[in-house]
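Numbering (the numbering used here), first residue to last: 180 to 499. We treat Cβ as the ideally placed atom computed from N, Cα and C, and that holds for glycine. None of these values were measured; they are calculated from a predicted model. Input: a single structure, listed below in C-alpha cells.
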C-alpha cells in the first residue's frame, strides 16, 4: 500500500495514516488466526457480560468483593474491544489503514485498560488481606463506598497519568515510513517510525510502567505475603484451607496477569530476531485474560456458580 502523505511545509512530508501489517512473517496465512482470536473475543464478551448481569441480578452477590469482580469484567470487555475489532478487520477484510488520531487513541485506551486491570487486582488483594487478616474490621472498612472511592481513584490515576504516552507520540514527526509490523497500535511500534528523537517517549513509557504496574505488583505481592504469614499462624488446618480458598482465584489471575506482562516485556528484547513472538504475545495478553478471568471465578466461587444457575434457570441450588 502506498504511503499516504500530506504536505506540511515546503521541505518535509507528514504521513496522514499508519498501515497495520498484521503478524510479521506470516502475512500470507495470518487470516487463519482470525478464528481462534474471534472465538476468544466472543468468549470474553459473553462470559464477562454474564458475570455483570449475574452480579446485578443476584442480591446475594451485592458484596464489595463481587462489585470489584463486576468492575473487572467491565475493564476486560473494554480491553478486548479496544483491539479485537480492528485486528479482525485486518485479518478478514485487509482493512490495514488507521488514521493517526485513531492510532493514538488506541494507544491511550490500551494503556488505560491494562493499568486499570492492574489497579483492580490491587484492590482485590487489599480486600482479601482485610478479609483474612482483619476480619473484625472488614465489614466497616470494605463497604460500597470503599469500592466506589477505590474505583474512582484508579480511573483518575490511570486516565490522567496515561495521557503523556499518546500525547508525546502525537508530537513526533512521521515523515517516511508508515507501515507498522503489528496488528495494533503499540506505543513502541508507532514511535519507532518517527523521524525525530524518541528518547523522551521511551523514558515516559518506562517510568509509567514502573510507577503504575510496578507499584501495583509490589503492593499485591506484599499483601499476599501478609496473608500467607497470617494463614500460617492458624492452628486449624480447616481454617487455613478455608482462608486460602477465599483468595485462590484472585491469586491465580494476578499471577497470570503480571507474569504475562513480564513475558511480553522480555520478549521485546528478541523482537529483531523473532518479530512474530512479541507481537503474538502482546495480542494474546490483551485478549486471553478477559476470556480467562470469568472462567476461573466461575470454577472457584460457589456463590457465583449458584448465581449463574439461578440466572439461567437451571435450578435454585447447587452443591459445593
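Proximity to residue i [Cα-Cα], best of the options
| i | options | result |
| --- | --- | --- |
| residue 547 | 275, 244, 211 and 477 | No answer is possible for residue 547: it lies beyond the span of the chain, which begins at 180 and ends at 499. |
| residue 578 | 305, 446 and 428 | Examination of residue 578 is not possible in this model, given that the chain is present from 180 through 499 alone. |
| residue 351 | 367, 464 and 361 | 367 |
| residue 396 | 296, 278, 316 and 209 | 296 |
| residue 276 | 317, 198, 257 and 228 | 198 |
| residue 248 | 438, 463 and 330 | 330 |
| residue 443 | 398, 308, 388 and 491 | 388 |
| residue 205 | 467, 459 and 281 | 459 |
Distance CB(residue i)-CB(residue j) smaller than 8 Å
| i | j | result |
| --- | --- | --- |
| residue 200 | residue 359 | yes |
| residue 374 | residue 403 | no |
| residue 432 | residue 475 | yes |
| residue 283 | residue 348 | yes |
| residue 312 | residue 240 | no |
| residue 461 | residue 258 | no |
| residue 279 | residue 209 | no |
| residue 372 | residue 357 | yes |
| residue 309 | residue 321 | yes |
Contact with chain B by residue i, beta-carbon distance below 8 Å
| i | result |
| --- | --- |
| residue 216 | The chain labelled as chain B is not found in the depicted structure, where only one protein chain is given. |
Assigned exposure category for residue i - 16 Cβ within 10 Å defines buried
| i | result |
| --- | --- |
| residue 390 | exposed |
| residue 378 | exposed |
| residue 328 | exposed |
| residue 496 | Any answer about residue 496 is weak, because its pLDDT of 48 lies below 50 and its placement is not dependable; what the coordinates show is given next. Residue 496 is exposed by the Cβ-count criterion. |
| residue 441 | exposed |
| residue 498 | Note that residue 498 scores a pLDDT of 44, beneath 50, so its modelled location is shaky; the value from the coordinates is reported in the next line. Its Cβ having fewer than 16 others within 10 Å, residue 498 is exposed. |
| residue 341 | buried |
| residue 445 | exposed |
| residue 361 | buried |
| residue 186 | Caution applies to residue 186, whose pLDDT of 37 falls short of 50 and renders its modelled position unreliable; the value that the coordinates give is listed next. Exposed: under 16 other Cβ atoms inside 10 Å. |
For residue j and residue i, believed in contact at Cβ under 8 Å, the rounded distance
| i | j | result |
| --- | --- | --- |
| residue 401 | residue 300 | Not confirmed; about 13 Å, so no contact. |
| residue 363 | residue 293 | 12 Å between Cβ atoms; not a contact. |
| residue 344 | residue 383 | 6 Å |
| residue 399 | residue 304 | 4 Å |
Do the segment 286-293 and the segment 211-227 meet, that is, are 3 or more Cβ pairs less than 8 Å apart? The segment 286-293 makes no contact with the segment 211-227; the number of CB pairs closer than 8 Å stays below 3.
Is the segment 409-421 touching the segment 452-460, taking contact as three or more C-beta pairs under 8 Å? no
Can you confirm whether the segment 232-246 touches the segment 477-489 when touching is taken to mean that 3 or more C-beta pairs between the two stretches lie within less than 8 Å? yes
Segment contact flag, the segment 457-477 with the segment 222-230, C-beta cutoff 8 Å, min 3 pairs: yes
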